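A.B. asks: The sequence shown begins at 1 in full-length UniProt numbering and counts up by one.
All C-beta atoms, glycine included, are put in the ideal place defined by N, C-alpha and C.
Note that the coordinates shown come from a computational prediction; the quantities given were computed from them, not determined experimentally.
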Amino acid sequence: MKRAGQEKHSHLTDDIAQPADTDPTFNKWRASDCQVKSWLFDAMQPNQIKRFIRYDTAKQVWAAIKQTYSDGTDEAKIYDLHRRSFIMKQAGASVAKYYSELTEIFQELDQLSPSTMEHPKDIETRCKEVERLRVYIFLAGLDNNFDQIRGEILRMEPKPELEAAYAHIKRESNRQGTMSEVGVTSEAMALATARSKQSRPNNYSVDPTRNRPPMKCTKCGLDNHTIKGCYEIIGYPEG
Numbered sequence: 001m002k003r004a005g006q007e008k009h010s011h012l013t014d015d016i017a018q019p020a021d022t023d024p025t026f027n028k029w030r031a032s033d034c035q036v037k038s039w040l041f042d043a044m045q046p047n048q049i050k051r052f053i054r055y056d057t058a059k060q061v062w063a064a065i066k067q068t069y070s071d072g073t074d075e076a077k078i079y080d081l082h083r084r085s086f087i088m089k090q091a092g093a094s095v096a097k098y099y100s101e102l103t104e105i106f107q108e109l110d111q112l113s114p115s116t117m118e119h120p121k122d123i124e125t126r127c128k129e130v131e132r133l134r135v136y137i138f139l140a141g142l143d144n145n146f147d148q149i150r151g152e153i154l155r156m157e158p159k160p161e162l163e164a165a166y167a168h169i170k171r172e173s174n175r176q177g178t179m180s181e182v183g184v185t186s187e188a189m190a191l192a193t194a195r196s197k198q199s200r201p202n203n204y205s206v207d208p209t210r211n212r213p214p215m216k217c218t219k220c221g222l223d224n225h226t227i228k229g230c231y232e233i234i235g236y237p238e239g
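1. According to DSSP, simplified to helix, strand and coil, what is K216?
2. Out of curiosity, what's the CA-to-CA distance linking Q45 and E104?
3. Have a look at D33, E172, D74 and M189 and flag the residue whose alpha-carbon is nearest the alpha-carbon of D143.
4. Can you tell me which of the three DSSP states G23 falls into?
5. Would you kindly work out how many angstroms separate the C-alpha atoms of Y69 and S94, rounded to a whole number?
6. Taking I227 as part of the alpha helix (DSSP H), name the residues at either end of that continuous run.
7. Determine, for Q67, whether the minimum Cβ-Cβ distance to residues of chain B falls below 9 Å.
8. What first and last residue would you give for the alpha helix (DSSP H) that runs through H119?
9. Once DSSP output is grouped into helix, strand and coil, what is the label at L133?
10. Over what stretch of residues does the alpha helix (DSSP H) that includes I153 continue unbroken?
11. Skipping 5 residues on each side, what residues in its chain have a beta carbon closer than 6 Å to that of L40?
12. Three or more C-beta pairs under 8 Å: does that hold for the region 115-135 against the region 158-166?
13. With H, G and I counted as helix, E and B as strand and the rest as coil, what does DSSP make of L112?
14. Judging by CA-CA distance, which residue of N145, S113, V130 and D223 is the nearest neighbour of K66?
15. Helix or strand or just coil, what does DSSP make of A91?
16. Tell me the DSSP secondary structure of P237 in three-state form.
17. Would a C-beta distance cut-off of 9 Å place L109 and K59 closer than the cut-off?
18. Drop a sphere of 10 angstroms on the beta-carbon of I227, count the other beta-carbons inside from all chains shown, and report buried for 16 or more, exposed for fewer.
19. Leaving out the 5 sequence neighbours to the left and right, which residues in its chain are closer than 6 Å to Q18 when beta-carbon positions are compared?
20. Should G141 and Y98 be called a contact, given that it needs their Cβ atoms to be closer than 9 Å?
21. For L81, is the classification buried or exposed, using 16 other Cβ atoms within 10 angstroms of its Cβ as the cut-off for buried?
22. I169 and R150 - do their beta-carbons sit closer together than 9 Å?
23. May I have the straight-line CA-CA distance separating V130 from K77, to the nearest angstrom?
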C-alpha cells in the first residue's frame, strides 16, 4: 500500500522498463528503486529479509516474494489469514508477543493482496480504513485488564495508527506490572510483620494478680485479707 501511495508501482511491474546504465535518468530511477526495495524489506521479518536481500531490483524482490508465498491458492490463504487475525486473542501472553504475531499476519496479507488502486486520494483513504480496522482487531483481542485503556484509545481524535495504539497498550502493561510488583511487596511485608508480632512473648498473658499490691486488713493489721474478711469482725470459724 505504501509503495502504491508513493506512486512507485511501476518498479514492481512491467509498466516502465529499467533504463540503461548510460541513460541520464538511470541514477534517479536507481534511487527510486532502492527506496521501493527498502519498503518491501520494512514489511518483512528479519529471517524473511535474508531470503530476498540478494536480488538487485525491487521488481526481482517482488517476483521472488510472489513465487515464494504463492502456491496457487492465494484466496484460501488470504481467507485463512483474515480468519486468524479476527479470532486471535492475547490469552495471557505478553502484549509484545501478541502484537508481534498479529502484525506478522497483517504483513502476509499486505504481500498477498496489495492494493490495486491508482488514484493517490483513493489509496490514502483505503490505507486509513485498513489501518483503523487493524487497530480494532488488535484492541478486540486484548485481555480484559486493558478494558479502560482500550476505551480511551477508541475515543481518541485523531484516530491512532496501529503502532501508536500498541505503544499506549504497552505503557499500560508496564504500569500494571509495576503496580502488581508493589502490591506483592506490600503484602509480603504485612505478612512478615504479622508473623513477627505472633512470635513475640505476650506480656499480657502472665498472672493478672502479679503486679497488684498485697492485701492488708485495716482492722487487725494482718496481710492477705481485707476488713470484709477479717475474723475479728465476722468471727473465727468453729473448731
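C.D. replies: This is what the structure gives:
1. In the three-state reduction of the DSSP assignment, K216 falls in the strand class.
2. One C-alpha to the other measures close to 8 Å.
3. Checking every option, the nearest Cα to that of D143 belongs to E172.
4. Note that residue 23 is Asp in the sequence shown here, rather than Gly. D23 falls in the coil class under three-state DSSP.
5. Distance between the alpha carbons of Y69 and S94: 29 Å.
6. Note, I227: premise wrong, no alpha helix (DSSP H); not H, not E.
7. Checking the listed chains, one finds no chain B in this structure; it contains a single protein chain.
8. Where H119 is concerned, there is no enclosing alpha helix (DSSP H), given that its DSSP letter is neither H nor E.
9. Reduced to three states, the DSSP call for L133 is helix.
10. D147 to L154 is the extent of the alpha helix (DSSP H) around I153.
11. Excluding positions up to five away in sequence, the list reads V61.
12. Yes, they touch.
13. Of the three classes helix, strand and coil, the one that applies to L112 here is helix, per DSSP.
14. For K66, the nearest C-alpha among the options comes from S113.
15. In the structure shown, A91 sits in coil (DSSP, three-state: anything other than H, G, I, E or B).
16. The answer is coil: DSSP assigns P237 none of H, G, I, E or B.
17. Against a cut-off of 9 Å, the Cβ pair of K59 and L109 comes out as no contact.
18. Burial call: exposed.
19. Cβ neighbours of Q18 beyond the five flanking positions: none.
20. Yes. Within cutoff.
21. Answer is buried; the Cβ neighbour count reaches 16.
22. Cβ distance < 9 Å, so R150 and I169 count as in contact.
23. Looking at the two C-alpha atoms, the distance is approximately 18 Å.
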